[in-house]
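Going by UniProt numbering, the first residue of the sequence shown is number 1, and it counts up by one from there.
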Amino acid sequence: MANHVWGWPAGGFVGVDVFFVISGFLITGLLLREHDRTGHISFSGFYRRRVKRIMPASVLVLVVTVASSWFVFNAARWQTTVVDGVWSLLFVGNWRFALQSTDYFASDRPVSPLQHYWSLGVEEQFYLVWPWLMLLVLVLLGRRAASTVRPRLVLGVLITVLSVASFVWALHDTQVAANRAYFSTFSRVWELGAGALLAVAVPLVSRLPDRLRPPLAWVGLAGMVAGVFVVSPNGFDAPASALPVLATALVIAAGTGVRQQRLLFPLTNRAAGYVGDISFSLYLWHFPVVVLGHAVLGDGLLPGLFLVALATILAVYTYHLVEDPVRRSQWLVPRSDRGRSRRRGHRRHRRSTQARPAFFSPAYQKTAVSLLALVTAVLLVVALQPRTATTTATVAPPVGLPSGASAGTTAQDQLQASLAQALGAEAWPTLSPSMSSVLTGGLGPDDIHACGGADTIDESSCTWGDPKADRTIVVVGNSTALVYVDLLRRVIGNDDGWRVISYGMYGCGFRDMTILAPPPDAQKSCRQRPDDAVAAINRLDPDVLVLSGTGNVESATSEIGKITVKPKLVFLPGPPADKDVNDCFTKVSTPADCVSVPEEGWGVLESKLANDLGGVYVNSQKWFCVDLRCPAFVGTTPMKLDRFHLTTEYNGLIAPAVKEELESREIVRLSA
């Protein structure tokens, strides 16, 4: 929770690794005890219990989250949340998020308030397969072996083989696609397997000498805590995640075979026990509360404390009013078993009532729920009120957008004035196109978009302007370069003396492969595209070579060194990538919430390359910002469709200022 609320500790996500070990231990132990007791495993009973345990609270949180998202998020993000909800409801959300993490166009989008359901997907997918494998082994061994050590030995071998295979795959996938590996069931089976193996070894572990248990428990607890600070937050790291996994196994082993491990007070006190009771509801609630809460309240210590308190309150009442009552109910229990189930339920109810704090009496429950509803309603009303801008700016008088400069006023001057005017806006204007259509639309015009994929470039289809022009601009780099292709073809307009040719590729710098977990064909193309570009440049002998999103200094310098012709090198950084309109543009936001600030180091790479290679560095910041502040729109035109990429309409708006800049720097000379 602290990791999600404040970003500290950075490795707080290893709590999921701990969860998988515990889950594998508990569920495998439950199935083994049932088989030892009855000689078989009741799959109907097992899955019925899973449904009663998981579905009520998870469906409640899903519905509330999707409904709340409608009040907070923009239309595009709400639609995405609905789709996330469907995947999560079917317990396959982890694969949706894995696919998004490897999708260049979705990997940098705002986090879903339902993303945490991925771990439930991994768990339930494991339990769709694991009980059947257990039964197969036990049936093959026969009833006669049920009371011997043989079944557990064979199961232990099976778990070990599966876990080793999963761990090896996790090591591989971590190197190829760390973000995908994080969500993948195949990369996580070994963690569940560690707990399952421990459950199989219970007869052996129970024989541990009592004097060894406290040291083992404390070493394990120390390892779990260390994992929070040691494991890198940059994606899934299979070798490092072994630390919290093994540490959790040590803690469980230290407590196996004894009623209570009294010397491990951080985990065995009553407060920790109660947090354990509500932990499932707390896990479900905390993430949507954090994501939605940050959209409404922003970040910081006090908002974070409020969100932690709200998530805890919701978890407490979900546990006592939904999760626990449904689990004890007769729902889904066969009629023949209801008497026995009812008696067990009454015993559990008496124990839970005795352990339950006094404020969970019916009277207190009604009062607390009423107060909670009232507080929530007040917070919603306050949150949905339009907020005033928290920053100020010198607002220029209304000016026309730079479709043409008036006498004595340059297109760049007009653009700067329009940017300043947008920075002073206190409410969102009616945008054209609407922000929702921008956020759900594609990345640039279709003809340019088609040239950025993994296929070999068809040069004739990726040329704009006069195909037989005497003067040529070639553009290389990643998706930023592709967006600038649209801008440059607007700059040359109808000038029949110029043409623009694109050799850019989504996610790939000029030699430096920065694409996130591409499929094999994209990886191959990402390595091949710079070679194709260099060959084309040497053949075409262009007048201007524009580089944007080039990767790193070493790789770009190396690739440029292969060019035998001498075009004018122009290094053009992309727009400042600070705020993402997918995230900051909400139903409760103001334009000030989406004002970006150029990140540290913006333009440094391009400036260094220009200086080292004798090229021209074009400071594009003036097209997007005034005094280091960059609005999300100008006039009625949205500027960007995510953190990095300009809208087609904004390209058209700034084309006069860009043309003015390129001509004044003698990069191009266009006819009047």
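Glycine residues also receive a C-beta, built at the ideal position from the N, C-alpha and C atoms.
Please name the residue, chosen from the options, that lies closest to residue i on a Cα-to-Cα basis.
{"i": "L135", "options": "P244, H40, G7 and F624", "result": "H40"}
{"i": "V322", "options": "V111, G507, V202 and M55", "result": "M55"}
{"i": "T318", "options": "G298, H294, V291 and S279", "result": "S279"}
{"i": "A170", "options": "S187, L439 and V161", "result": "S187"}
{"i": "G549", "options": "V475, N582, S558 and I537", "result": "V475"}
{"i": "A254", "options": "A10, P215, G614 and G477", "result": "P215"}
{"i": "G227", "options": "N3, L487 and A657", "result": "N3"}
{"i": "F20", "options": "W190, V168 and T174", "result": "W190"}
{"i": "R109", "options": "K579, S596, G465 and V230", "result": "K579"}
{"i": "L298", "options": "V205, A76 and V5", "result": "The amino acid occupying residue 298 in the given sequence is Gly; Leu does not appear at that position. Checked all of V205, A76 and V5; the closest Cα to G298 is V5."}
{"i": "W132", "options": "Y117, L158, F265 and S664", "result": "L158"}
{"i": "T409", "options": "P656, A535, V245 and D531", "result": "P656"}
{"i": "residue 685", "options": "G615, R471, Y127 and F571", "result": "In the structure as shown, the chain begins at 1 and stops at 672. Residue 685 is therefore absent and cannot be evaluated."}
{"i": "F265", "options": "L305, L204 and L221", "result": "L221"}
{"i": "W623", "options": "P576, K608 and L284", "result": "P576"}
{"i": "A556", "options": "K608, Y274 and C584", "result": "K608"}
{"i": "S58", "options": "T590, A67, Q100 and Y117", "result": "Y117"}
{"i": "K587", "options": "A427, V122 and R643", "result": "A427"}
{"i": "I457", "options": "N494, T480, I492 and V534", "result": "V534"}
{"i": "V634", "options": "R643, D642 and Y650", "result": "Y650"}
{"i": "D36", "options": "W78, I667, L138 and V16", "result": "L138"}
{"i": "V219", "options": "Q416, A238 and P244", "result": "P244"}
Can you round the beta-carbon distance between residue i and residue j to whole angstroms, since I take them to be within the 8 Å contact cut?
{"i": "D84", "j": "L114", "result": "5 Å"}
{"i": "E660", "j": "Q412", "result": "6 Å"}
{"i": "L292", "j": "V72", "result": "5 Å"}
{"i": "L208", "j": "G257", "result": "7 Å"}
{"i": "S232", "j": "V14", "result": "That pair is no contact at about 10 Å."}
{"i": "R471", "j": "G497", "result": "6 Å"}
{"i": "G444", "j": "L482", "result": "6 Å"}
{"i": "K568", "j": "D543", "result": "6 Å"}
{"i": "G547", "j": "G477", "result": "According to the sequence as given, residue 547 is Leu; it is not Gly. Contact flag correct, Cβ pair sits at about 6 Å."}
{"i": "F644", "j": "S479", "result": "7 Å"}
{"i": "A632", "j": "V581", "result": "5 Å"}
Got a sec, what are the start and stop residues for the beta strand (DSSP E) residue i sits in?
{"i": "I501", "result": "W498 to S502"}
{"i": "G603", "result": "It is not in any beta strand (DSSP E) - G603 carries neither H nor E in the DSSP assignment."}
{"i": "residue 712", "result": "The shown model of the chain, from 1 to 672, leaves out residue 712, and the question about it has no answer."}
So does residue i have its beta carbon nearer than 8 Å to some heavy atom of the ligand GDP?
{"i": "R643", "result": "This structure lacks the ligand GDP, and indeed carries no ligand of any kind."}
In terms of DSSP beta bridges, what is residue i paired with?
{"i": "L545", "result": "V474 and L569"}
{"i": "K640", "result": "L646"}
{"i": "Y617", "result": "F571"}
{"i": "S596", "result": "C630"}
Identify the continuous alpha helix (DSSP H) that holds residue i and give its terminal residues.
{"i": "T590", "result": "No alpha helix (DSSP H) contains T590, which DSSP labels as neither H nor E."}
{"i": "G195", "result": "V189 to V200"}
{"i": "T463", "result": "Not the alpha helix (DSSP H): T463 falls in the beta strand (DSSP E), residues T463 to G465."}
{"i": "G652", "result": "T648 to S664"}
{"i": "K52", "result": "F43 to V72"}
{"i": "F624", "result": "Counting along the chain, F624 falls outside any alpha helix (DSSP H), and DSSP gives it neither H nor E."}
{"i": "I27", "result": "G15 to T38"}
{"i": "D495", "result": "Unbroken run through D495: none, as it is neither H nor E."}
{"i": "R669", "result": "From DSSP, R669 is part of no alpha helix (DSSP H); its letter is neither H nor E."}
{"i": "residue 678", "result": "Absent from the structure is residue 678, since the part of the chain shown begins at 1 and ends at 672."}
{"i": "N94", "result": "G93 to S101"}
{"i": "D277", "result": "R270 to L297"}
{"i": "E124", "result": "W118 to L141"}
{"i": "F167", "result": "R150 to V176"}
{"i": "T440", "result": "M435 to T440"}
{"i": "A420", "result": "A411 to L423"}
{"i": "D447", "result": "D446 to H449"}
{"i": "W218", "result": "R213 to V230"}
Between residue i and chain D, is there a C-beta pair that is closer than 9 Å?
{"i": "A655", "result": "Absent here is chain D; the protein component of the structure consists of one chain."}
Q.
Does the structure place the stretch 177-197 close enough to the stretch 89-96 that three or more beta carbon pairs sit under 8 Å?
A. yes
Report task. Count the C-beta pairs between the stretch 620-633 and the stretch 410-428 that are closer than 8 Å, then say yes if the count reaches three, no if not. Result -> yes
Three Cβ pairs or more, each shorter than 8 Å: is that satisfied between the stretch 162-169 and the stretch 191-208? yes
- request: May I ask you to verify whether the stretch 19-33 touches the stretch 235-252, counting CB pairs closer than 8 Å and requiring at least 3?
  value: yes
Decide yes or no for the touch test of the stretch 635-648 against the stretch 431-449: beta carbon pairs closer than 8 Å, at least 3 of them.
yes
Exercise for the section: Indicate whether the contact test is met: 3 or more Cβ pairs, each with one atom in the stretch 502-512 and one in the stretch 450-461, closer than 8 Å. Expected result: yes
request  = Please confirm if the stretch 525-542 is in contact with the stretch 559-574, defined as three or more CB-CB distances below 8 Å between the two stretches.
outcome  = yes
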